[in-house]
Amino acid sequence: MKKLSLANLDAFFAKIADKQALYMPIENKAGQLQFQRWTEGAKLSVGCNTVRSAKDFFFPQTENLVDFKVKGKEIEIIDSRTEKEDFVIFGVRACDVRSFAILDKVFLSNPVDTYYKSRREHGTIISLACTHPEETCFCRTFGIDATQPEGDVASWITEDAVYFQPQSDKGQKLLEKCGALLEEADESPVLRQKQQTKTYLDKLPLATLSTKHFENKDQLEVFNSEKWAELSEACLGCGTCTFVCPTCQCYDIRDFDTGKGIKRFRCWDSCMYSDFTKMAGGQPRLTQLERFRQRFMHKLVYFPINNDGEFGCVGCGRCLKKCPISMNIVKVMKTLEGEEK
Amino acid sequence: MNTEALIPKIGVVTDIRIDTPDVKTFRIVGLDGKKVFEHIPGQCAMLSMPGVGEALFSITSSPTNKDFLEFSIKKCGCVTDWLHQMEVGQQITIRGPYGNGFPVETNLKGKDLLFIAGGIGLAPLRSVINYVRDNRKNYGSVQIIYGSRSKDDLVDYREIIDEWMNDEGIEVNLTIDREQEGWDGHVGFVPNYVKELNPDIRKTVLMCGPPIMIKFTLAGLKELGFQDTQVYTTMELRMKCGIGKCGRCNIGSKYVCKDGPVFRFDQLGELPNEY
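Here the protein sequences line up with chains A and B, keeping their order.
Start counting at 1 in the first sequence, then tack on 894, and there's your number in the numbering used here.
Start counting at 1 in the second sequence, then tack on 313, and there's your number in the numbering used here.
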């Protein structure tokens, strides 16, 4: 384990940012935390998690897939991608790091999404252990340890230092570059912090939330529950939950005529929207009940069926904070579980 | 598989056949004049006109055709409207093939086959029918029951009359919904016609058509004694990627673009009825 004195934190960031882009949670003008590019004088903020997840780094909200030039009956296809630059994300929490593994299962399975893959290869993740989990947190439900996050390098911030533990070759190399600022450290301050955080985690209101009801579940049994009607009744179909969710990855592909050519974009989309599945010939999910059910069935049943039991949720709690009608995956899990008793 | 799955290739339209008042069959080759890719009967491809949109269509030509791909397309939305006003020589984009296709080299081999189609539903089945005709010794008897609104709406009518009906060992039964001048064939809906024809229940069924036809035909087949495990169909839902990632063509845990579009009814029975 390596140690960096907090007094040297800016020097450490400057060293990393010298060769590549460095992003971290920084307070914006509205007082909200968001991942922003670090520049001299910017202040890392670690009070709570970012409003939006970190999925944008690998799966941006919009991206240009390919360009076309149309001339008479002829079409030219232009792959306008440029070589991506290396980047480092500092301060990714355990829940968000796990979301990358979930997105990997979608985008890196065959056929591989090369846009996503390229960003994954260029990105290095320095995760940050939580010390003050919030009452909306429930990462433990999905087997995530907030005090020991995954990522290329795991880090812990104490009163006077940052502790680093490399967890991949990429992470090892990054720390080697900053070797002059780091010193070998005894891990006892980290162990003490972990112990302290665990006492908080034990007391969280959602500490006992379990996925047991959904393990190895028959999809028709959950799908046919009568509870979906009351659960979805107030859903506005705004899609906020899908946009703040670190694992939601549905997308749309659309063309835009710039006047000088056609750009084909990929954009985030939401299964909560009424036109998501609309076809010229019909609409398989006509009501908000069906669309609402789809989102939760996907996370709690369909995704695990296709991915060795792994759930499509990391318990970050963003949907709990942001839903305008206060509906969320926790209420869905508890309500569906309740009907068994 | 193309490693750049979302970047299409250029396809050139070399022939356009007007099948019915709202169905045209487009013949497409690559820029080099050759077939763009090989496929399995029942697989699909994404066709697009940049700036208009991209949509998934089943490939109606048989893989035994070494020269080109064909798509029979009904005019019913933005992309299909545009495709219908194209002229020969137009370039479009194409990517694929997508989906599983019919199990022509496994489960269907050696079987007596019953094809049931309604309207444009013949398009994906035509690929299998011509594949079977070109590999005749690998399959048993072939019966085709095909119906449409009127005689003018029968897709591939010339091919059916000139080729399929003249083939040894292929029985073709056509029907149209209502009486029409110049039609002396059968009149009536497909589900009823299937029951009237009372096909041997040892046959394996490949069915495609509008949802209402599928629903009643399946019920009729069951009355006759057919099992879900004997009946295949091919599905269609909205798609953007074609590779199981954009998240909209799923029926329960299965993606139509990747795990389908061909499903057996016993497989569909295990999934939510959301299609």
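Built from N, CA and C at the ideal position, the CB exists for glycine as well.
Note that the coordinates shown come from a computational prediction; the quantities given were computed from them, not determined experimentally.
So, do the stretch 1030-1046 of chain A and the stretch 338-349 of chain B have three or more beta carbon pairs nearer to each other than 8 Å?
no
Buried or exposed for residue 1192(A), going by 16 or more other Cβ atoms inside 10 Å?
buried
Answer yes or no: does any C-beta atom of chain A fall closer than 9 Å to that of residue 315(B)?
Its pLDDT being 48, under 50, residue 315(B) is placed unreliably by the model, and nothing is read from it.
Beta-carbon proximity check, residue 390(B) vs residue 526(B), cutoff 9 Å
no
If you pair each beta-carbon of the stretch 1192-1207 of chain A with each one of the stretch 1108-1115 of chain A, do three or more pairs fall below 8 Å?
yes
Does residue 319(B) have its Cβ less than 9 Å from a Cβ in chain A?
yes
Would you check if the distance between the CB atom of residue 1195(A) and the CB atom of residue 990(A) is smaller than 9 Å?
no
Using the Cα positions of residue 911(A) and residue 902(A), report the straight-line distance between them to the nearest angstrom.
14 Å
Could you name the residues of chain B that residue 1051(A) contacts, counting a contact when the two beta carbons are closer than 9 Å?
Result: empty, since nearest Cβ-Cβ is about 36 Å, beyond 9 Å.
Listed by chain order, chain A residues near residue 570(B) by CB distance under 8 Å
Residues of chain A passing the Cβ test: none, with the nearest at roughly 11 Å.
C-beta neighbour in chain A for residue 455(B), strict 9 Å:
no
Check whether the Cβ of residue 551(B) lies closer than 9 Å to any Cβ atom in chain A.
yes
Is it buried or exposed, residue 352(B), if we count other Cβ atoms within 10 angstroms and call 16 or more buried?
buried
I'd like to know whether the C-beta atoms of residue 1101(A) and residue 1221(A) end up nearer to each other than 9 Å.
no
Taking the CB atoms as reference points, tell me whether residue 562(B) and residue 1181(A) lie closer together than 9 Å.
no
Where residue 539(B) falls: helix, strand or coil (DSSP)
coil
Only counting runs of 3 or more residues, tell me where the beta strand (DSSP E) segments fall wholly within the stretch 895-971 of chain A, in order along the chain.
896-899, 915-921, 927-931 and 956-965
Can you tell me whether residue 331(B) is buried or exposed? The criterion is at least 16 other CB atoms within 10 Å of its CB, across all chains shown.
exposed
Please report the straight-line C-alpha distance between residue 350(B) and residue 324(B), rounded to a whole angstrom.
11 Å
Please list the terminal residues of the continuous beta strand (DSSP E) segment that includes residue 383(B).
382-387
Just checking my contact of residue 1013(A) with residue 929(A) at CB under 8 Å: how many whole Å lie between their CB atoms?
Incorrect: roughly 14 Å between the Cβ atoms, too far for contact.
Cβ of residue 505(B) within 9 Å of any chain A Cβ
no
Say whether chain B places a C-beta atom closer than 9 Å to the C-beta of residue 1060(A).
no
Anyone know if the C-beta pair for residue 988(A) and residue 1021(A) falls short of 9 Å?
yes
Please state if the CB of residue 982(A) and the CB of residue 1042(A) are separated by a distance shorter than 9 Å.
no
Let me see if you follow: with CB-CB separation under 9 Å, is residue 463(B) close to chain D or not?
Absent here is chain D; the protein component of the structure consists of chains A and B.
Establish whether the CB of residue 378(B) and some CB of chain A are separated by less than 9 Å.
no
For residue 1023(A), does the count of other Cβ atoms within 10 angstroms reach 16, so buried, or fall short, so exposed?
buried
When you compare the CB of residue 964(A) with every CB in chain B, is at least one pair closer than 9 Å?
yes
Counting C-beta neighbours from all protein chains within 10 Å, is the total for residue 447(B) 16 or more, i.e. buried, or is it exposed?
exposed
Taking contact to mean at least 3 C-beta pairs separated by less than 8 Å, is the stretch 482-493 of chain B in contact with the stretch 392-409 of chain B?
no
Rounded to whole angstroms, how far is the Cβ of residue 1075(A) from the Cβ of residue 906(A), which I believe are closer than 8 Å?
5 Å
With distance defined between alpha-carbon atoms, name the residue in 436(B), 453(B) and 339(B) nearest to residue 420(B).
453(B)
Whose C-alpha, out of 423(B), 552(B), 319(B) and 464(B), is nearest the C-alpha of residue 497(B)?
464(B)
Taking just the CA atoms, how far does residue 358(B) sit from residue 410(B)?
5 Å
Quick one: what's residue 1162(A) bridged to in DSSP?
1145(A)
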